[in-house]
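A.B. asks: In my numbering, the protein residues as written are 731 to 823. I have a structure I would like to understand better, so I am pasting it below and will then ask my questions one at a time.
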Amino acid sequence: MELDQSDHEDAPIIVHCSAGLGRTGCFIALCIGCEQLEKEGMVDVLKIVSRMRLDRGGMVQSNEQYEFIHHVLAAYPLNKKTVNVNHPHLPVM
């Protein structure tokens with residue numbers, strides 16, 4: 731993974747894996763889900779993924795990736811900006 735830090739906080743973010751669907755979809759869904767959790771206190775993963783697929787079909791390619799999104803968002807703390815990677819319900823991908 732590469733990170734290119736921009737000086738502009740409002741600059742668009744580019745995310746891409748080999749096909750631009752599976753891992754990219756997971757990352758984007760997690761970003762949207764975390765933002766939704768912080769703003770609304772709840773998240774609708776199915777709605778997020780369905781909306782993403784309207785823009786690019788095939789985003790989040792497998793059941794395992796979909797489950798991973800659920801697990802990460804369930805472990806996402808609302809009062810911090812980090813996730814405990816040793817959380818017992820967070821699978822290794």
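For every residue, glycine included, the Cβ atom is placed at its ideal position computed from N, Cα and C. Values in this document were obtained by computation on a predicted structure and should not be read as measured data.
Would you call Ser802 buried or exposed, if buried means 16 or more other Cβ atoms sit within 10 Å of its Cβ?
C.D. replies: The sequence as given places Val at residue 802; Ser does not occur at that position. It is buried - the Cβ of Val802 has at least 16 other Cβ atoms within 10 Å.
A.B. asks: Kindly list the residues whose CB is nearer than 8 Å to the CB of Met772, restricted to its own chain and excluding five residues on each side of it in sequence; keep chain order.
C.D. replies: So the qualifying residues of the chain are Gln766.
A.B. asks: For Met731, name the three-state secondary structure that DSSP assigns.
C.D. replies: Only weak support is given to the placement of Met731: the predicted model assigns it a pLDDT of 47, under 50, and the value that follows is read from those uncertain coordinates. Three-state DSSP puts Met731 in coil, outside helix and strand.
A.B. asks: With a Cβ-Cβ cutoff of 7 Å, do Gly763 and Ile778 count as a contact?
C.D. replies: Yes. Within cutoff.
A.B. asks: May I have the straight-line CA-CA distance separating Glu739 from Glu797, to the nearest angstrom?
C.D. replies: Each residue's alpha carbon lies about 30 Å from the other.
A.B. asks: As a quick exercise: from Ala749, Lys769, Leu776 and Ile743, pick the residue whose alpha carbon is nearest that of Ile799.
C.D. replies: Measuring from the Cα of Ile799, the nearest candidate turns out to be Leu776.
A.B. asks: For Asn793, which option in Arg753, Tyr806, Ala749 and Glu770 has the closest C-alpha, if you only look at C-alpha atoms?
C.D. replies: Checked all of Arg753, Tyr806, Ala749 and Glu770; the closest Cα to Asn793 is Arg753.
A.B. asks: Just to confirm my understanding: we take Leu717, look at its own chain, exclude 5 residues before and 5 after, and list those with CB closer than 8 Å. What are they?
C.D. replies: No answer is possible for residue 717: the residues shown for the chain start at 731 and end at 823.
A.B. asks: Would DSSP call Gln766 helix, strand or coil?
C.D. replies: In this structure, Gln766 counts as helix in the three-state DSSP scheme.
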